[in-house]
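The numbering used here numbers the first residue of the sequence shown as 575 and each following residue consecutively.
Scroll down for the structure; my scribbles are underneath it.
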Amino acid sequence: MSVIIFADQAQGKIKKVAFEAVQYGAKVAQQLGTSATALVLGQVDNAELEALGNYGAAKVLHVADARLNEVESTVFTKIVAAAAEQEAAQVIVFPHNFDGKAIAPRVAARLKAGFVSGAISLPDTANGFVVKKSVFSGKAFANINITSEKKVIAVMPNTFPVEKTDAKATVTAFSPAISDADFKVKVSKVETVTGEVPLTEAEIVVSGGRGLKGPENWGLVEDLAKALGAATACSRPVADTGWRPHHEHVGQTGLTVRPNLYVAIGISGAIQHLAGVNGSKVIVVINKDPEAPFFKAADYGIVGDAFEVVPKLTAAIKQLK
Ligand code: FAD
Numbered sequence: 575m576s577v578i579i580f581a582d583q584a585q586g587k588i589k590k591v592a593f594e595a596v597q598y599g600a601k602v603a604q605q606l607g608t609s610a611t612a613l614v615l616g617q618v619d620n621a622e623l624e625a626l627g628n629y630g631a632a633k634v635l636h637v638a639d640a641r642l643n644e645v646e647s648t649v650f651t652k653i654v655a656a657a658a659e660q661e662a663a664q665v666i667v668f669p670h671n672f673d674g675k676a677i678a679p680r681v682a683a684r685l686k687a688g689f690v691s692g693a694i695s696l697p698d699t700a701n702g703f704v705v706k707k708s709v710f711s712g713k714a715f716a717n718i719n720i721t722s723e724k725k726v727i728a729v730m731p732n733t734f735p736v737e738k739t740d741a742k743a744t745v746t747a748f749s750p751a752i753s754d755a756d757f758k759v760k761v762s763k764v765e766t767v768t769g770e771v772p773l774t775e776a777e778i779v780v781s782g783g784r785g786l787k788g789p790e791n792w793g794l795v796e797d798l799a800k801a802l803g804a805a806t807a808c809s810r811p812v813a814d815t816g817w818r819p820h821h822e823h824v825g826q827t828g829l830t831v832r833p834n835l836y837v838a839i840g841i842s843g844a845i846q847h848l849a850g851v852n853g854s855k856v857i858v859v860i861n862k863d864p865e866a867p868f869f870k871a872a873d874y875g876i877v878g879d880a881f882e883v884v885p886k887l888t889a890a891i892k893q894l895k
């Protein structure tokens, strides 16, 4: 019996969400009296792999195959399932990010395992194997008892703070039987966003809505984000009208974020927007309408014109630094 964690990487660097998943998996392994094995696919330096021990992985299985540098769900599913079989894994843990969402349900189906996506608690093993997740756009919680022998859990990003130790993991090469024919999708072009904090992993997010009037005013959001070391996001109409790219749109039909701090500027706080941000630990709302629904979800609210308030806030934060 063991616990396997899919440790997601991009451009040879293990992602922060993977550290969170590894630590989660290590805690589950501890609960079950077994050890945690991280699985890394694609070319990654040995030092980076060993460092997964800092987050509780005793062992790292590494498939150093350049064809796996980009995620291809079908072949990744095959490899994770093969690793789970080799390690007699009872629990397989994923980050609930873009890649995890694509691969985890496929692995669960392949292994006939019960599956919880977006887990926000460690399993309660005193009462079966009960994992908590939020449902109905964050309006309720579901406690799901996974009764199948094998279990797949995708862990909600930014939910479990990571603590590092100096421990190093043992790295072992893993050579699953894969051929070119297993790759059903060929990646022909990769565009990477550089110089920005990835939105779903960001500790701070500054987000703008239609209250900003137009893309020419986005400097307001970007300056505040820069001062705070934050990622930028937006409401759906802002992305729909092309003021901002769609990968910044948060909400029911966009990304879900759970930063420590979410600053909403000129966003009304419609239920569909809140669905993607109400897991944030602290919400600050800046809106000129005191009746804006977002204030009900806010920890701190500033009633005022964004064009006056935000530059002052940015200047004050810069001064603090
Ligand atoms: P508005 O509703 O126009 O609000 C603008 C706000 O800015 C107002 O509160 C106003 O008081 C304030 N404001 C104006 N001027 C200033 C100023 N100078 N200073 C400060 N404040 C100012 N929306 C999402 O965001 N994400 C989703 O994923 C999403 N999914 C949807 C799915 C469905 C099926 C549907 C039907 C809708 C969805 N929507 C989603 C749209 C959602 O219902 C709202 O229409 C949208 O969130 C509103 O965007 P907004 O707050 O930017 O704009």
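We put the beta carbon where it would ideally sit given N, CA and C, even for glycine.
What you are looking at is a predicted structure, and each value in this text was computed from that prediction instead of being measured.
query = How far does the beta strand (DSSP E) with T612 in it reach, from first residue to last?
reply = The amino acid at residue 612 is misidentified as Thr; the sequence shows Ala. Its beta strand (DSSP E) spans residues A610 to L615.
query = Comparing the CB of H820 with every heavy atom of the ligand FAD, is any distance shorter than 7 Å?
reply = The answer is no for H820.
ask   = For the stretch 684 to 727, which segments carrying the beta strand (DSSP E) assignment without a break, of at least 3 residues, lie completely within its bounds, in sequence order?
value = Fully enclosed beta strand (DSSP E) runs of no fewer than 3 residues occupy 688 to 693, 704 to 709 and 714 to 719 of the stretch 684 to 727, in order along the chain.
request  = List the whole-angstrom C-beta distance separating K725 from G688, where the pair is believed to meet the contact cut-off of C-beta under 8 Å.
outcome  = For a cut-off of 8 Å, the C-beta gap from K725 to G688 is around 5 Å, short enough to register as a contact.
message = Suppose you measure from the CA of V705 to the CA of K886; what does that come to, to the nearest Å?
response = Rounded to whole angstroms, V705 to K886 spans 44 Å at the Cα level.
key: Residue from L894, Y598, Q585 and T888 with nearest C-alpha to P731   = Y598
key: Counterpart residues of A838 in DSSP-defined beta bridges   = S781 and V859
Buried or exposed (CB count within 10 angstroms, at least 16 for buried), A631 = Buried is the call here.
Nearest-angstrom Cβ-Cβ length linking V761 and E659, presumed shorter than 8 Å = V761 to E659, Cβ: 27 Å. No contact.
inquiry  = Under DSSP, the alpha helix (DSSP H) around S647 begins and ends at which residues?
reply    = S647 to Q660
key: Between the CA atoms of L829 and H821 - distance to the nearest angstrom   = 8 Å
inquiry  = When you measure from the CB of H670 to every non-hydrogen atom of the ligand FAD, does any distance come out below 7 Å?
reply    = H670 Cβ: outside cutoff for every heavy atom of the ligand FAD.
query = Where does V637 fall in DSSP's three states?
reply = strand
message = Assuming the contact rule is C-beta atoms closer than 8 Å, V858 and L894 should be a hit. Round their C-beta distance to whole Å, please.
response = That belief does not hold up - the Cβ atoms of V858 and L894 are roughly 15 Å apart, past 8 Å.
task = Give the DSSP bridge partners of S749, in chain order.
result = Answer is none; S749 lacks a bridge partner.
message = By alpha-carbon positions, which one of L786, K633 and G785 ends up nearest to V745?
response = K633
key: the stretch 874 to 882 in contact with the stretch 800 to 815 per 3-pair CB rule at 8 Å   = no
message = Which residue wins for smallest C-alpha separation from Q664, given the options G840, K587, A655 and T648?
response = Out of G840, K587, A655 and T648, A655 has the C-alpha closest to the C-alpha of Q664.
request  = Would you identify the three-state DSSP class for G733, choosing helix, strand or coil?
outcome  = According to the sequence shown, residue 733 is Thr rather than Gly. T733: coil per DSSP, three-state reduction.
inquiry  = Any heavy atom of the ligand FAD inside 7 Å of the beta-carbon of T815?
reply    = no
request  = Report buried or exposed for G788, applying the criterion of at least 16 other Cβ atoms within 10 angstroms of its Cβ.
outcome  = exposed
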